[in-house]
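A short write-up of the structure that comes next.
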Amino acid sequence: MTENTARKAPRPPLIAKKPERKKEPRLLAVIDQHGCTGCEACIVFCPVDCIEIVPGADFAQFQQVVEVDIERCIGCALCAKHCPWDTIPMFNYQEGIQKSPALTLKSVCSQKTKDDAVTQTS
Ligand code: SF4
Ligand code: SF4
Numbered sequence: 016m017t018e019n020t021a022r023k024a025p026r027p028p029l030i031a032k033k034p035e036r037k038k039e040p041r042l043l044a045v046i047d048q049h050g051c052t053g054c055e056a057c058i059v060f061c062p063v064d065c066i067e068i069v070p071g072a073d074f075a076q077f078q079q080v081v082e083v084d085i086e087r088c089i090g091c092a093l094c095a096k097h098c099p100w101d102t103i104p105m106f107n108y109q110e111g112i113q114k115s116p117a118l119t120l121k122s123v124c125s126q127k128t129k130d131d132a133v134t135q136t137s
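Numbering (this note's numbering), first residue to last: 16 to 137.
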């Protein structure tokens with residue numbers, strides 16, 4: 016299985032308790048948190064419960080966004096189909112791993128974020 020280089024630390028205990036994915040998916044969903052309103056519509060449709068709520072990037076107490084745990088996503092695209100704000104692009108697996116840090120503003124899954132992506136390129 017391809018290494019997930021978008022994770023920078025072990026998963027937090029509550030997220031780690033969820034079942035493992037059996038094989039690497041062809042596609043990967045990545046939330047573009049710049050456009051996410053935190054409406055939670057995608058969470059309802061995810062069959063493997065791999066979309067996590069994240070505190071808002073600017074006002075953590077008043078906003079929320081979501082994040083896909085990319086080690087558990089099976090690439091079914093149901094979240095992307097049902098997002099009312101069209102802010103869940105589907106990528107080929109490798110491309111998703113690479114682009115995830117640029118689209119992620121905040122992470123509760125210990126995945127790399129936009130700040131990490133900026134640090135790497137500067
Ligand atoms: S593509 Fe499917 S498995 Fe992945 S986050 Fe979206 S609904 Fe969940
Ligand atoms: S459905 Fe779209 S806007 Fe709503 S929480 Fe999910 S990604 Fe964000």
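Yeah, the Cβ is synthetic: ideal placement off N, Cα and C, and Gly gets one too. Computed from a prediction, not measured in an experiment: that's the story for all the values here.
Judged by the Cβ position, Pro62 qualifies as a neighbour of ligand 1 at the 7 Å threshold, a heavy atom of the ligand being closer than this. Bounds of the alpha helix (DSSP H) holding Gln113 are 108-118. Each residue's CA atom was taken as its position, placing Lys37 and Cys88 some 10 Å apart. In this structure, the CA atom of Phe60 is about 19 Å from the CA atom of Gly50.
Beta-bridge partners of Ala44 (DSSP): Met105.
Relative to Glu82, the option among Thr17, Val45, Lys114 whose CA is nearest is Val45. Unbroken alpha helix (DSSP H) stretches of 4 residues or longer found wholly inside the region 55-85: 56-60, given in chain order. An exposed status is given to Asp73, since fewer than 16 other beta-carbon atoms sit within 10 Å of its beta-carbon.
Annotation: the continuous alpha helix (DSSP H) that includes Ala95 extends over 93-97.
The bridge partners DSSP lists for Arg36 come to none.
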